[in-house]
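Please read the structure below before turning to the comments.
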Amino acid sequence: MMPSVNMPENAWMSFPALDALPGFRHRFTLRHPLLNVEKDREQVIESLWDWHASHAIALGFDRESLKTADQIHGIDVAVIDAESHPQKTRASDGLITNLAGVALGIYVADCCAVYLVDPVNKACGIVHSGKKGTEGNITGIAVRILLERFGSDPGEIIVQLSPCIRPPAYEVDIAAVIRDQAIEAGIRPQNLHDSGICTSSDLSKFYSYRMEKGKTGRMLALLGRID
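Okay, so the sequence shown: first residue is 0 according to numbering that gives the first Met the number 0, each after it adds one.
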């Protein structure tokens, strides 16, 4: 059972570019102050579930509306529509929806969570872009799905990159590659935002798979639309 703690303000972070979008809510959870992470991935995520669900509730969503993906370090992006009821979707590394009241959640611990918001058509998504996802251009795939399913104009989509591992802590600058992929997909440079934070830089705030040699927790990237 997860230790019961209050939720201090420094338990999460938000991004100004997404804060500015009416109707959308987001959050990037930070390290749980008391959780023992000397467990395997599934046990850690289970231990974190109540903590993460409380963040979704704080944003104005129902606990049952939090949708997460069965992440496999691939490039599949699932669309959450009116027929999608399970709390966890099929194996995928990205989630997209145009439904109000749905909170999308993607787990990361060094990989990049890429937030995408179409404020015109009121659609949004998050993808998990680590080494393999970045190699497969999951960000570009998500932009294409937003276009095909919801008519999103890439030029209107706002993109935000979360904290992730960066050089010199990691040999591949995945954030730089993701930024290039977003531009190639039609995202305007002025609509592309990067936190610029390396998850290896502060283990009191972030979980880092590399720095902690796999024995670590997960941050949760949350995004959804209230109205």
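Even for Gly, the Cβ is constructed at its ideal location relative to N, Cα and C.
C-alpha gap between residue i and residue j, whole angstroms
i	j	result
I105	Q70	8 Å
A52	S200	26 Å
V76	V113	12 Å
N97	E147	13 Å
P10	W50	In the sequence as displayed, the identity of residue 10 is Ala instead of Pro. If I take the Cα positions, the gap works out to 10 Å.
K233	V101	Examination of residue 233 is not possible in this model, given that the chain is present from 0 through 226 alone.
V176	Q42	32 Å
K212	L65	29 Å
P162	A181	17 Å
R30	S46	13 Å
W48	A99	22 Å
G22	R187	22 Å
E37	R165	24 Å
A220	T28	7 Å
T67	A16	23 Å
G132	I44	20 Å
M218	R24	17 Å
S151	N35	42 Å
Nearest residue (CA-CA) to residue i, options the options
i	options	result
I95	S53, H127, F60, D49	H127
A90	N97, G73, V101	G73
Y169	G129, G135, G154	G129
I137	V101, A99, D179	D179
E134	D172, E37, A102	D172
C197	A174, H31, R40, F23	A174
D39	L103, G185, G216	G216
D118	L222, M12, E211	The amino acid occupying residue 118 in the given sequence is Pro; Asp does not appear at that position. That would be L222, whose Cα lies nearest to the Cα of P118.
I13	H54, E45, N35, I44	Checking the sequence shown, residue 13 turns out to be Ser, not Ile. Among H54, E45, N35, I44, the Cα nearest to that of S13 belongs to H54.
P167	P153, M210, D92	M210
G59	L47, E183, L103	L103
V78	I44, F149, I164	F149
I56	R26, K131, N120	R26
Residue i, buried or exposed, once every other Cβ within 10 Å from all chains shown has been counted against 16
i	result
I225	exposed
R62	exposed
A81	exposed
V116	buried
L227	Past the edges of the chain, shown from 0 to 226, lies residue 227, and the structure says nothing about it.
G93	buried
A184	buried
A19	exposed
P153	buried
G195	exposed
Check: residue i C-beta below 7 Å from any heavy atom of the ligand FAD
i	result
M210	Among the ligands in the structure shown, none appear at all, so the ligand FAD cannot be discussed.
As an exercise, report each continuous beta strand (DSSP E) stretch of at least 3 residues that is fully enclosed by the segment 12 to 79, in chain order. 23 to 28, 65 to 69, 76 to 79
So does the segment 104 to 121 actually touch the segment 193 to 206, counting three or more Cβ pairs closer than 8 Å? yes
Take every Cβ of the segment 113 to 124, pair it with every Cβ of the segment 134 to 148, and state whether three or more of those distances are shorter than 8 Å. yes
Report yes or no: do the segment 185 to 195 and the segment 153 to 160 share at least 3 C-beta pairs separated by less than 8 Å? yes
Mind listing, in chain order, the continuous beta strand (DSSP E) runs of no fewer than 3 residues lying wholly within the segment 165 to 225? 191 to 193, 218 to 224
Pick out the complete beta strand (DSSP E) segments inside the segment 110 to 156, 3 residues or longer, and give them in chain order. 111 to 117, 122 to 128
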